[in-house]
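Take a look at the structure set out below.
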Ligand SMILES: [Zn+2]
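Numbering (the working numbering), first residue to last: 386 to 664.
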């Protein structure tokens, strides 16, 4: 059970930075962002023309609009040079990963000479990629709305054509997750990464939060959709919306009564099992 702070201390001791150690936590944050704002980040791993080298620190996510202009750039590049493939070294960076970079920068600047404060890096907006073979791809990216700032950070491209900033949404996602799993140690969900949020991030386990096994009134997401589908299939019809509303709760209570379960309207492990849902 390693905390984020313990992992950072070890990195500084060993002179190695690894933001891949929080890959589970990062996946949870991305899922939570997509729950707070439906499909704000989309996976782009399967775009034709990419040379994918998977690594734990890599999150192949962009905002949907940026994925489309990247698709166009890849298509144009491959039309001009059929054997050309793009190697992406970095894409979406979660607030947990940025926190690690920033802490190392603060405590060991010789390891990382510069890092943005969490909530302020444009890799946290789902609008930036780092391209290993940037020279080959630069003309096609520039022709399709991507920008390049020059030689100081030559691998870095970004696409901010009228897109929303989502870095505060990433912070909010972390704060929401934290509160859900630490009901006795709540923090304000304001999307700002202040000292309070940083301290809680330090105390978080690098493996992330425990798997959710309780779904209740007010929850949203894919599992709620599956609960509603299963209720309907079992004869307890309820609209399939992905939002756990009063109608869903009523249907759950009826289902629980019928099956001899504790009829509280909350879907925990027993009710999930009875509904045939495995997480
Ligand atoms: Zn970059």
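Beta carbons: idealized from backbone N, C-alpha and C, even for Gly.
In chain order, 409 place their CB closer than 6 Å to the CB of residue 592, counting only its own chain and leaving out the 5 sequence neighbours on each side. Residue burial annotation: residue 604 is buried, with at least 16 other C-beta atoms found within 10 angstroms of its C-beta. The residues 623, 624, in chain order, have a CB closer than 7 Å to that of residue 632 in the same chain once the five nearest residues on each side in sequence are set aside. Separation of residue 569 and residue 557 (C-alpha to C-alpha, rounded to the nearest whole angstrom) is 18 Å. Your pair residue 514 and residue 476 checks out as a contact, with CB atoms roughly 5 Å apart and the cut at 8 Å. Beta-bridge pairing by DSSP links residue 473 to 516. Residue side-chain check: residue 427 keeps its Cβ at 7 Å or more from all non-hydrogen atoms of ligand 1. In the three-state scheme derived from DSSP, where H, G and I count as helix and E and B as strand, residue 531 is classed as coil. Counting only residues of its own chain and dropping the five nearest sequence neighbours on each side, residue 587 has a CB closer than 6 Å to the CB of 389, 390. Distance from the CA atom of residue 617 to the CA atom of residue 637, rounded to whole angstroms, is 10 Å.
The beta carbon of residue 513 sits closer than 7 Å to at least one heavy atom of ligand 1.
The residues 393, 396, 397, 402, 496, 497, in chain order, have a CB closer than 7 Å to that of residue 489 in the same chain once the five nearest residues on each side in sequence are set aside. Relative to ligand 1, the nearest heavy atom lies less than 7 Å away from the CB of residue 538. Annotation for residue 620: no residue places its beta carbon closer than 6 Å to its own, counting only its chain and skipping 5 residues before and after. Cβ-Cβ separation between residue 551 and residue 511: approximately 6 Å, consistent with a contact (criterion under 8 Å).
For residue 484, the shortest separation between its Cβ and any heavy atom of ligand 1 does not lie below 7 Å.
In this chain, residue 541 is not harboured by any alpha helix (DSSP H); it is covered by the beta strand (DSSP E) spanning 541-543. Sequence-distant partners of residue 447 (beyond 5 residues in either direction) whose C-beta falls short of 6 Å from its own C-beta, in its chain, are 429, 511. The beta carbon of residue 583 sits closer than 7 Å to those of 484, all from its chain and outside the five residues before and after it, given in chain order. With a threshold of 16 other beta carbon atoms within 10 Å, residue 571 falls short and is exposed. The beta carbons of residue 407 and residue 491 sit about 17 Å from each other, so the pair does not count as a contact at 8 Å.
Excluding the 5 residues flanking it on each side, residue 472 has same chain C-beta neighbours closer than 6 Å at 436, 517, 518, in chain order. Looking at the DSSP output, residue 444 bridges to 477.
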